Structures are given as C-alpha cells and as structure tokens.
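Here our numbering is used: the first residue of the sequence shown is 343, the next is one more, and so on.
Think of the CB as a built atom: it goes at the ideal place given N, C-alpha and C, for glycine as much as any other residue.
Nothing here was measured: the structure is a model prediction, and the numbers come from that model.
Here is the structure we will look at, set down as structure tokens.
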Amino acid sequence: MVGRSSRSKSTLLSHRPKSITTAKRPRSLKPQKARKLIRRYHVLQKQRATLLRKITKAQSESLELDSTELAKYLKREYPQHAKSYSTHKEIAQKSGNLTTLVNIESSDIHKICTQLGDIDGEIESLGGIEAYQVASTQGQDSLRGGDSSKKLVEWLKANYSPIISGANTLNALEIGCLSANNAISTSKIFSEVIKIDLNTQNQSKILQQDFMLRPLPRNDSERFNLISCSLVINFVPSPSQRGDMLRRITRFLKPPSNGSMSTVFMVLPLPCVTNSRYFDHSSMDEIMNSLGFTKTCYYEAKKIAYWLYDWNGNVNHDFTFQKKEKHTGPKRNNFCITLDRHTRLQ
C-alpha cells in the first residue's frame, strides 16, 4: 500500500478543513467519494486488525482497541516502541498518507508499531469512524439507490407471498444496519425489525451492539424469522471469524416450520466470490449447505452479490472448510471464509 499525494487525499472529504485540530466530519459526500472512502477504510481496518493480532496478547482485546486505547496499551506493554507509534500517527494524520509500505507479514514489533501509527493516522485524516458512517449511511440511502434490502423485499414478496400476507407476526434482525428507514424497515412485512450496528449514528433506532457479543436466545421468542447480513461478513477481520459468525447466525434463527420462514439474506462484494484465490460461488454454497441453508435466490449486480437462504435446521458440526488456493493470478484478492470442526458456538 503505497503513499499517495496529499492533494488527492485532501479532496476525498471536500467538507473537511485542512486543519487537523479543527477537522469537521462531512455531512454529505458525493456517491463516488463515499465509495472511495468506504473502500479505503475497509482496507485500513483489515490491515490494522491483522497487525494488532501480532502484538496483543488476547485476541479478543486486539479487535477492540481504538487509537487512544492502543496508545495506552503500547505504552504499557511496549514502552520502547510507543513513541514510534505516536510519531508515525501524527505524520500520517497531517499528510493524509502512509509514511511506509504496510507489510502485514512483518513480525518485527517496532515495525508493526510504526505501521499501526501510519494506519491510525490515515484513518484520522479521512475523518475517522464518523466519516465512514456518513459514507456508509449515504450508501444505503434509498434516494441514492444504495439500499440493498430493496432486493430482499422484492424476493420476499415474490417467493413468500402466502407467509407474509398472513398474520403479521414475523420478526427480523438486521446486522450492520446503517439506515433506520431502509426498505426492510418500511415494508410492513415484519411486525418487528431489530437493528444493530457496531457504531451507530442513530442510537434511538439502531442498537449499538456487536452481534458476536449479543446474548444467545433463551427461547424461540428471542429468535428471528429473518436475519439480514448485508456487507458485514467481508468486514470481519479473519476467515475463521467469518465462519464463526455464520455458525452463530444459526443460533438466532427460529426453527423451520410450515407456514413460516427461517431465512437469511446475505450480501457480499462480488469480488469475494468471483476474484478470490481461495473462495468462489461453490465455496459459498458448500459452507452454507453445511450449516443447513438452501439457496432460494441469487442476484449478481455489477459489484455486489445477493443471496437469500432458507434454513432447514440441520447444522453439520463436523464439516470443515479450510483456506486452500483454488484460483491463481496476481490480481486476485485473499478473501476467504473457513469453518473448523470444533468451533465453539457462543
């Protein structure tokens, strides 16, 4: 990941003043700039998570440290390298560029700390999590044509008409919800839609919660007829954690029954299944089938893939899917989902 000119970076958030100390988060972004910010933020966060796992002693802790907490952690655990982190963060924050090429394979603690400083500095120069949320929310704004749940509602009306036209007792869980007014929320198909997101901008309507930390249902009244997981799995840092999340989703679905639904709506960037070294459509089908899912609908847009799965309740806990190269080529990405036989369901 090479540095770019500060001029090109500064135009990314046209509403943000150059001053670091008085930086304001953008209220709106043009669609192209929003997409660019989202892509860059995802890249930086994935690299950050990989580097953090190399230096933090508890993996669960490594995924939760923001820049302030990380600075304290380094000062406590690696005091000889904490200054390098702070220096590189300040430089990258002011310039809007990484000072070095990120090497996520490095095991040198000093180099890892400087690279984390570079990454956190660039994230701040982009506007931080607040700017990312603005861009993401606009991406789901129905007025901009970015609401992925439109496809979900279309499929439900076409394939589940007898169920959704009956007694309105269906409920849904939307993981990674960015807009409280998207199609799934306004369709009137569901009597209740629980919306959660890691960093919500609308706490009155969207619960700030990590799905992996959400308490397991105690009974079927706390389970859901439908779970929406749109552009979430690809943001989970590691292949094994993605598999853990898919397994955990099955714990939140209502048992299949006639006259009702037990369904998952999944959305991923298209390159995850069309341009990965380790993963493709058959991989997705194999994993989902092992978890008891049958593909009901699939749609492929220019950059996004959509799936609708029905759940039969039969999870094969002995099934494993490991990361193995399936396709060669220098321009392919490394996206993958893995499943372990002894994955602990939480």
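DSSP, reduced to helix, strand and coil, places Asn513 within a strand of the structure shown. The stretch 656-670 makes contact with the stretch 624-638: 3 or more CB pairs, one atom from each, lie closer than 8 Å.
Under the three-state reduction of DSSP, Gln550 is assigned to strand.
Within the DSSP secondary-structure output, Ser570 pairs in a beta bridge with Glu516 and Phe607. In the DSSP assignment, Ala647 is bridged to Leu610 and Glu642. Scanning Ile397, Ala500 and Cys571 for the CA closest to the CA of Asp450 turns up Ile397. Between Gly655 and Thr410, the alpha-carbon positions lie close to 43 Å from each other. A straight-line Cα-Cα distance of about 16 Å links Leu610 and Lys388. As a beta-bridge residue in DSSP terms, Val535 pairs with Ala514. Across the structure, Asn561 and Lys425 are spaced so that their CA atoms are roughly 51 Å apart. Taking every protein chain shown into account, the CB of Asn510 has fewer than 16 other CB atoms within 10 angstroms, so this residue is exposed. Contact annotation: Phe553 and Asn513 have beta-carbon atoms that are not nearer than 7 Å. Taking Phe532 as the centre and dropping the five residues before and after it, the same chain places the C-beta of Asn510, Leu512, Asn513, Ala514, Ile526, Asn567 and Leu568 closer than 8 Å to its C-beta, in chain order.
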